[in-house]
Every structure is written in structure tokens, then in C-alpha cells.
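So the structure is just underneath, and the comments pick up after that.
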Amino acid sequence: MAQQLDETIQFVGMAGHDSVDAMQAFVDEHGLSDFPHVVSQDGSLWQRFEIPYQPGWVVLDADGNVVLRSVRPDEQQLRDALDQVAQG
0 MAQQLDETIQ FVGMAGHDSV DAMQAFVDEH GLSDFPHVVS QDGSLWQRFE IPYQPGWVVL
60 DADGNVVLRS VRPDEQQLRD ALDQVAQG
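In numbering that gives the first Met the number 0, the protein residues as written are 0 to 87.
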């Protein structure tokens, strides 16, 4: 999905409570190197976006407003949120 929308939407992966090395191994294993990733070892980013556990998704618009916050959204929910952001 990231490859289809890379012109209009910036994807960022966020790992938590683990090391940078563990996150990089996950990125490599799953072929997710097409977009940047951050590690929130202290959980502060997870708290900021109110994501209780992985896998969580937050979709923000260009102004930083939350369009979608969900744990395990289905593909249609995710596409709808991304379409909303892409349309501005």
C-alpha cells in the first residue's frame, strides 16, 4: 500500500519497547525498508497517539489531526482514511 501512495502520503513505522537492532531486523525480515521507522523505547510516542499495543495504526492529515486510530484496522478502514488524507 505504501508504494501505491508514496507520492501523497508519508508512511512511518513505529516500534516500541525494543531495541533499534530488533526493529531493523523486523524491517529487513518483512521487506519494509521503503519508508522510515522510529523506535519509541520509552513508549512516549505510543502514549502520544493513544495506541495501547501493536499492531496499531494512526493516520494523520497534513495538519496533524487524527483521521484514524485503530488496533488492527481492516483494509477498507485503512484505505478510506488514506483516501481522505490524500484528497486533502
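Where is the CB? At the ideal position from N, CA and C, for every residue including glycine.
Rounded to a whole number of angstroms, what is the C-alpha to C-alpha distance between V38 and Q23? On the sequence shown, residue 38 is found 39 positions in, with the first residue counted as 1. On the sequence shown, residue 23 is found 24 positions in, with the first residue counted as 1. Cα-Cα distance, rounded: 10 angstroms.
With respect to the alpha helix (DSSP H) encompassing S43, which residues constitute its N-terminal and C-terminal limits? By 1-based counting over the sequence shown, the position of residue 43 is 44. Segment S43 to R47, the alpha helix (DSSP H) holding S43.
Taking the continuous beta strand (DSSP E) assigned at A14, which residues delimit it? Taking the sequence shown and counting its residues from 1, the one referred to as residue 14 is at position 15. Where A14 is concerned, the enclosing beta strand (DSSP E) stretches over G12 to G15.
C-alpha distance - G30 paired with D73, whole-angstrom precision: Translated into the one-based positions of the sequence shown, residue 30 becomes position 31. Translated into the one-based positions of the sequence shown, residue 73 becomes position 74. The straight-line gap from Cα to Cα measures roughly 21 angstroms.
In three-state terms, what does DSSP make of R68? Locating residue 68 in the sequence shown gives position 69, counting from the first residue. The answer is strand: DSSP assigns R68 an E or B state.
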